[in-house]
Amino acid sequence: MDAILADDPEPEDQKTPKGLPFSELQAMLMMPPPSYAGILSTPNSEPSALCPEVESCSKMETILRRIIGLSTHTGQITAGSSLGSFDKIPEDVLLQILSLLEPKDALKMSLVCKSWSSLVSDDRLWVSFLQHQAEPWESIFFAETNLRTGHPIQALSNEIHDLSFMSIYSKRVQVPGSVIIDGGSGYCKFGWSKYSGPSGRSATFLEFGNIESPMYSKQQHFFSTVYKRMQVKPHSHPVVLSMPLIHYDDTESAKASRRQLKEAIYSTLFDMNVPAVCAVNQATLALYAARRTSGIVINIGFQVTSVVPILNGKVMREVGVEVTGIGALKLTGFLKELLLQNNIRFGSLYTVRTLKEELCYVASDYDAELCKNTEASCEVNGEGFFTLSKERFQTGEILFQPRIAGVRTMGLHQAVALCMDHCHDSELSVDDSWFKTVVLSGGSACLPGLAERLEKELQELLPPSIANGVRVLPPPYGTNSAWFGAKLISNLSTFPTHWCVKKKQFRPKSRFNLIW
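Residues in the sequence shown are numbered from 167 upward in steps of one, following our numbering.
Following this line, the structure appears as structure tokens:
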């Protein structure tokens, strides 16, 4: 409580009330609090004249604010044992009124009497305060009930015995702002954890096939550039990174390569005096953004598409990560070929990429779509209007029929079906439906119709025992799913203690490093 009231709060051990049952919290999640306007009325403006029928919650809010102002001015609040005239007002109405106050003001009311203190400690009030934060309440609830323990995460029990949303609120307001960097082989998105989305985006050295610059020698320059663009000193804030999915198998050499990359990144950041680092792979972050801890993530990356099974936040490489040779760059390149074949001129690959993002989609039935009039136009800055027809759906079709683009690889639906088959045969001691939620990720995964087409293909390809219950979800935050997954972690009440590695905890080339 004192932590919320203080200007520069420090965490304190507080005795918090027992948490609500999971079922009740879920019900609160689905139903917004009712409006009590008109239930109450007040004939006078003084607190002592309160009666059970006042005009509105807003007048009650005004009265409470006067009490707060008076106590702040005099430096005194007279403590009692009951609510006085407020005793006649139903508890849920009082909670609704308190929810109109700022959290610090509500805490001041807890000093009035024991009854007020009990009321202010009610979890329902703090759920209401969390619901009015900028971050969606559904995401806060998911994160605080599933990701609190850090990595590897633990399964949520049916009853949350020790969860206090008052304590959660107190700790969340004390979590420092972090720098979030989602670095892919094509583009990097960066920004503040307290902001509504990434504040900047830049092309990386692999854009459009330029692979001459090795990553290892460019790390410090890369991070320095991001910090310079954000106008922030590295030593002032923690950083949350999305890690690329590399070396897909589970061999010892692959494990060593992944660890080497991660240690190199940590060493670079700690040499820049970054106080704490949290690094999580892109697929897991995209899954968290979709409010899931288990499932299959399809990441349509810049060069390849990976199909990643994840169980409780862990990439199940021992089950099998599938990879196809069709990525965003290939989609853009194929559209370029189609445009040239149809004598449609363009200035650069940036123009082609814009046309892909604005006009292209995935057909539900490719052969049937060929018989339709699918012509559509859009304007590209500086180059005028472009009109496309069959190119619009032929581009995305190579995800399912790579042979159209002359690529010898599995179709996306075949790769996902193979991954699901491996998951089904793995006989893990968990719910056998953990892999049946498929989450799309990546810029090209935002193509309209992709999720629906993939789900349709899987239903036709898989045996009924596996196909039953399969769902394919579009990218929850468009092109920024991994970034928002990182944001979810960075604002957790337990983020500093359970997700971050500090410099004093890091030892280069040590098998005891808590970074994997």
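The beta-carbon is built from N, C-alpha and C at its ideal position, and this holds for glycine as well.
query, result
"Of the residues G350, M275, R367, I464, the one placed nearest C585, counting alpha carbons only", "I464"
"Touching by the beta-carbon criterion (3+ pairs, under 8 Å), the region 451-464 and the region 596-613", "yes"
"With 16 other Cβ atoms within 10 Å as the buried cut-off, status of D437", "exposed"
"When Y454, E557, K480, T517 are compared against F500, the one with the closest alpha-carbon", "E557"
"Cβ separation of L261 and L285, assumed to be a contact under 8 Å, to the nearest whole Å", "7 Å"
"CA-to-CA distance, Y393 to Q671, given in whole angstroms", "23 Å"
"Pairwise C-alpha distance: D587 and L624", "11 Å"
"Nonlocal neighbours in the same chain, by C-beta distance under 7 Å from E545, ignoring five residues either side", "F551"
"Close beta carbons around S610, own chain, < 6 Å, minus the five adjacent residues each side", "I466, A494, L497"
"Three-state class that DSSP yields for G477 in the structure shown", "According to the sequence provided, residue 477 is Leu. The question's Gly does not apply to it. Reduced to three states, the DSSP call for L477 is strand."
"Classification of E378 by the beta-carbon crowding that lies within 10 angstroms, buried from 16 upward", "Because the pLDDT at E378 is just 43, under 50, the model does not fix this residue reliably, and the point stays unresolved."
"Strand pairing of S408, partner residues [DSSP]", "D348, V446"
"Cα-Cα separation, P364 to C279", "45 Å"
"Beta-carbon proximity check, R483 vs D416, cutoff 8 Å", "yes"
"Local Cβ density within 10 Å of E673, reported as buried at 16 or more and exposed below that", "With the sequence shown as reference, residue 673 is identified as Arg, and Glu is not the correct amino acid for it. Exposed, by the Cβ-count rule."
"C-alpha distance - S543 paired with T517, whole-angstrom precision", "13 Å"
"Span of the beta strand (DSSP E), counted from its first residue to its last, around C537", "Neither: C537 is in no beta strand (DSSP E) and is coded neither H nor E."
"Per-residue DSSP class, three states only, for T553", "strand"
"Among R458, A617, E257, the one whose alpha carbon lies nearest that of T690", "The requested residue 690 does not occur in the structure, where the chain is confined to residues 167 to 682."
"Exposure label - L236; buried when at least 16 CB within 10 Å", "With a pLDDT of only 47 at L236, under the threshold of 50, the placement of this residue in the model should not be trusted; the figure read from the coordinates follows. Exposed."
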